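Scroll down for the structure; my scribbles are underneath it.
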Amino acid sequence: MTVLPRLKSAILATALLASTATFAMAKDVTISVWAGGTGPTNDYRIEAIKMAAGVVERQAKIRGEELTIKIEAQTWTGWDDFKQAVTLAAESKKAPNIIVSGHEDIGPWSQSGLLRPIEDYVDFDAWPLNQLYPNLIDVSSYDGRIWGIPQDAEARPFFFSKSHLKAIGYSDADIEALPAKVESGEYTLYSMLDDAKKMQDAKVVEPGKGFMPRPNNGTDYWQFYQSFGGEMIDAESGKLVLDRQALTGMYQFFVDAVEKGVVPATYLGMTWDTWHQAVAGDKAGIWHGGTWHKAEWEAKWGLKDFFGQMQYSLIPAGNEKGRANTITHPLVYLLSTGGSDEDATLAAELITTASEPYINALHAVKSGHLAIGSAEASIPFYANDRWTSAATEGLLPKANAIPNNSDFGVVWKAMYKGLEASWTKTNSVADAVKAVETEVRNALGDKIVIR
Amino acid sequence: MRASSPHRANLLGLAFMTPAMVLLLGFFFLPVVLTSVFAFTNMSTATGISGGSYVVTGNLLRSLTDEGLDAKTIDALGQSNYVIDQAGLERARAAGVDAKFVAEIAERLKDRSFTSSSAFERELKTLPSRPTRVRDLKIAAGAFEQSVLNVRYASRGEMEAALSHMLENPPEGAIERIATASYTGWTWTTDNFKNLAIAPDTWRIVGNTVFYVVLTLAFNVAVGLFLAITTFYLPPAGSGFFSVLWLLPRITPVVLYAVMWKWFTWEDGFVFNIAQDLGLPAFNYMKGSVASAWTVVILVNGFVGASFGMILFSGALKAIPVQQLWASEVDGASRWQQIRYIILPQMRWPILFVTSYQTLSLLSSYEQIWLTTNGGPGSTTTIWALEAFKTALNNYTGNLQYGLGAAMALVLVAVGLVLSIVYLRLFRFDEMMSKPKIEF
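Keeping their order, the protein sequence lines are chains A and B.
For the first sequence, the numbering used here begins at -19 and goes up steadily by one.
For the second sequence, the numbering used here begins at 482 and goes up steadily by one.
Here is the structure:
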């Protein structure tokens, strides 16, 4: 008699408990993602996180949890406003959960306590993080900890207009052999200036369009410093380095380019649109950009036949002390200290899932960026894309990165100010170098080695 | 009826003044005070604004080695150990690690130690009750860590306690020294001013600023006066129309105004096409040459200021008794003589006001330059206020130097104050404000 009611109540209690458990497990989480330098061709920086959210939701469902993830995304096309927004939001404790930024921000942002070290949230021994390229993991590390997961990689090559090279006497075979000549150091930045001048003299390009460098500040300018033998960091002591000789060589090169008439003294500050229009429309002779520009030229600027119209190579050496080089500037997914630890755990899970080769390859191929891991490089969708595979094999192995150091921004700002001053002839090259030296010495003291 | 007491009148006056005082306090004194505080710090993106914490990092150990801290201490600080002891097990339980998992750790790994997190985590992953989530595994591992390396301590006390626990017989003063060096936040300094004084760039920007302010100001006052006087002599209907027309730069939103200037001076813009048709050099006038960039910057700001001057001068002109002009015409004075001997002498006060007001606003305004040339080509049209803004709040590398930027802003405040006093003396402000010698 007494067993049945007890059983009944037990069943009822279990059912009730089970139903509350289901309710308790229904969870809505909002994860915010902010990305800089993101335009229409690289929307997969955000889309990948949204796709990952779908996967993680399904995994939760299979486990019997009701999880809804809402991704709140915000993107900036440039860097100035984006970095300002992130920094000030973090100061007012409103930082987004996930930040997509350049790896060089890890230094200052980790010091200020803006970031959680991602190594505390993810497993680098497990898929898909265990197939990431080790050098990209290094780039995402600072002070012995891994702070971010690489989102993409790239190279920043030199580009040559094939038709204009032919107009000054290059044969098809010469054009084919050009990248190798650049790499060996036989073809230097000064050979390039001569060719640019010849193109202008042959009237195939307008005066001032023989050489069209990047129109504003960017990692690219450190490549020219390296072309003249400059190093950014001392491998042994880990200290920042300012090489006066290399800086002089680099500034002098741009002054010489101006004097040759292949680039105007007032070039810096030109708009990106003007630059894209000229280089994609075959109005420029020689220029440098990034692997991702190909996607932009095709999507927006009417480029039809990239391989027929352009040749590419490393950035040539400037003198015998320097080397042909290229810089990769990976963006990284970072975890901010904003939000709860629970949110950060989920955010890290999303980042890990978004790094799945199939998902990341969508970004790489669409935007002209390079694979972040070996498995991704062998996915047919990526491997069969001529440009990404050519750049992965030909350029990426020779690429190095700018250092992660909380003081590097000071050196960078001074370097670019000096470049502007000497390029526009506001200062002589010697005075510009002196000004950079004074500025970084005052600001950093013995934290920088000045050679 | 009793007359109200003077005290009450004073209180009433004070009550009327209160909103103004609150606004003054909130929008002038407070920013100036904050700027002054920031200016004497090394605040930047890396140090943060709200204060730092205490962390021993790899880089810190390297610099402490350079500064001569003994190798034994450095070694001890650099060690990262995971020890499975009773205290660790308790910490794991307190951190909410699954009891079954803790029990397995105690059973299988007790008294073992690991020198790296990855080795320890690999071992943990072999246990049957290991958590499915990576974060849970890391929290479990973290409970057994015995290291100060890369651990963020909120206060100096906590850091010193951790150091004392880690270091056996540290050298005299070593703990204090390490704790001081491990601070990640900002510190007080006067270096910002010292660095500004010796940086060669400073004087170039000062030169640019003086050039910009003097020329734009001259344009403001001269064109404002010219417009006011010419519209004064026009019939009322025509003068009203022209006044409104010249007000456009001031009433147009600044971004739209800047965009219009871009259309006007850009490649394929209005001036470009006209120049091309006339066979003159056609290029991007806003950024294509230093001279044209300066011209654009001065005109963009000049027209805004000129319309402001025009309104004030027109008002002042209307206050001049018209009988004086009639009398001068009877005496045969020309227009120029009227302007020179009647109008201009009576315009001293509005000219003083426009000059001093515009000097101060030009010194601190950068938005039009930022939106048009952005200080370029190169940095040839960069002025002090723009450089301060970029240094403190907006630059490509994201390296925001709040301290240095605030120091630059403070210099601007000081220059503004000095100039105000100079203007007041120069135009004999006290005489103008003194009571008239004849009672009306």
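We treat Cβ as the ideally placed atom computed from N, Cα and C, and that holds for glycine.
All values reported here derive from a predicted model rather than from experimental measurement.
DSSP state of residue i mapped onto helix, strand, coil
| i | result |
| --- | --- |
| A/V243 | coil |
| B/P612 | coil |
| A/A1 | Model confidence at A/A1 stands at a pLDDT of 47, short of 50, so the residue's coordinates are unreliable and nothing is read from them. |
| A/D8 | strand |
| A/Q131 | coil |
| B/E626 | strand |
| A/Q54 | strand |
| A/V221 | strand |
| A/M192 | strand |
| A/R125 | strand |
| A/M230 | helix |
| B/S860 | coil |
| A/R96 | strand |
| A/M(-19) | The pLDDT assigned to A/M(-19) is 40, lower than 50, so where the model puts this residue is not dependable; a value taken from the coordinates is nonetheless given after this. Correct three-state label for A/M(-19): coil. |
| A/I307 | strand |
| B/L505 | helix |
| A/S151 | coil |
| A/S143 | helix |
| A/N422 | helix |
| B/D911 | helix |
| B/V903 | helix |
| A/V429 | strand |
9 Å Cβ cutoff met for residue i and residue j
| i | j | result |
| --- | --- | --- |
| A/I11 | A/I78 | yes |
| A/P377 | A/I359 | no |
| A/T368 | A/G348 | yes |
| B/M791 | B/V899 | no |
| A/V429 | A/S217 | yes |
| A/L315 | A/L116 | no |
| A/T325 | A/Y113 | no |
| A/G249 | B/P762 | no |
| A/G17 | A/G93 | no |
| B/T697 | B/L843 | yes |
| A/M212 | A/I382 | yes |
Residues near residue i by beta carbon distance below 6 Å, same chain, minus five either side
| i | result |
| --- | --- |
| B/L706 | F794 |
| A/A224 | Per the sequence presented here, residue 224 of chain A reads as Arg, with Ala not at that position. Excluding positions up to five away in sequence, the list reads V413. |
| A/G188 | P244 |
| B/L627 | Per the sequence shown, the amino acid found at residue 627 of chain B is Gln instead of Leu. Hits under 6 Å: N562 and V564. |
| A/Q180 | P187 and G190 |
Among the options, the one whose alpha carbon lies nearest that of residue i
| i | options | result |
| --- | --- | --- |
| A/D174 | A/G198, A/N110, A/G270 and A/I266 | A/I266 |
| A/D433 | A/N385, A/M230, A/E211 and A/P76 | Here chain A covers residues -19 to 431 and nothing more, so residue 433 of chain A does not appear. |
| A/A341 | A/I148, A/A279, A/E99 and A/D23 | A/D23 |
| A/A237 | A/F286, A/K177, A/D200 and A/W277 | A/K177 |
| A/P108 | A/Q232, A/Q180, A/I430 and A/S335 | A/S335 |
| B/V536 | B/T665, B/T697, B/S598 and B/K743 | B/T665 |
| B/G856 | B/P826, B/R633, B/S773 and B/W807 | B/S773 |
| A/E156 | A/P97, A/G288 and A/F234 | A/G288 |
| A/M304 | A/T168, A/E99, A/L399 and A/D285 | Note that residue 304 of chain A corresponds to Ala in the displayed sequence, not to Met. It is A/T168. |
| B/T853 | B/L867, B/G549 and B/R637 | B/L867 |
| A/G241 | A/G319, A/V185, A/V390 and A/T332 | A/V185 |
| A/G261 | A/T251, A/W272 and A/F286 | A/F286 |
| A/A69 | A/T317, A/D118 and A/T332 | A/T317 |
Short CB-CB distance (under 9 Å) between residue i and chain D
| i | result |
| --- | --- |
| A/V119 | Absent from the structure: chain D. Protein chains present are A and B. |
Whole-number beta carbon distance between residue j and residue i, since they are thought to touch under 8 Å
| i | j | result |
| --- | --- | --- |
| A/G87 | A/S207 | Not confirmed; about 25 Å, so no contact. |
| A/F191 | A/Y292 | 15 Å between Cβ atoms; not a contact. |
| B/E848 | B/V735 | 6 Å |
| A/A33 | A/L330 | 6 Å |
| A/P195 | A/Y247 | 7 Å |
| A/T418 | B/I732 | Between B/I732 and A/T418 the Cβ distance is about 45 Å, and since that is not below 8 Å, they are no contact. |
| B/I710 | B/I820 | 6 Å |
| B/T861 | A/T406 | 6 Å |
Close-in-space but distant-in-sequence residues of the same chain around residue i (CB under 7 Å, 5 per side omitted)
| i | result |
| --- | --- |
| A/A53 | V13 and I26 |
| B/N491 | none |
| B/V740 | none |
| A/I29 | V13, I51, I78, L330 and A334 |
| A/A4 | For A/A4, the predicted structure reports a pLDDT of 48, less than 50, and the residue's modelled location is therefore unreliable. A value from the coordinates is still provided. So the list is empty, once near-sequence residues are dropped. |
Residues near residue i in its chain [Cβ-Cβ closer than 8 Å; skip 5 each side]
| i | result |
| --- | --- |
| B/G879 | T526 |
Contact test: residue i Cβ vs the ligand NAP heavy atom, cutoff 8 Å
| i | result |
| --- | --- |
| B/L506 | Summarising the ligand content, the structure contains no ligands, and the ligand NAP is consequently not present. |
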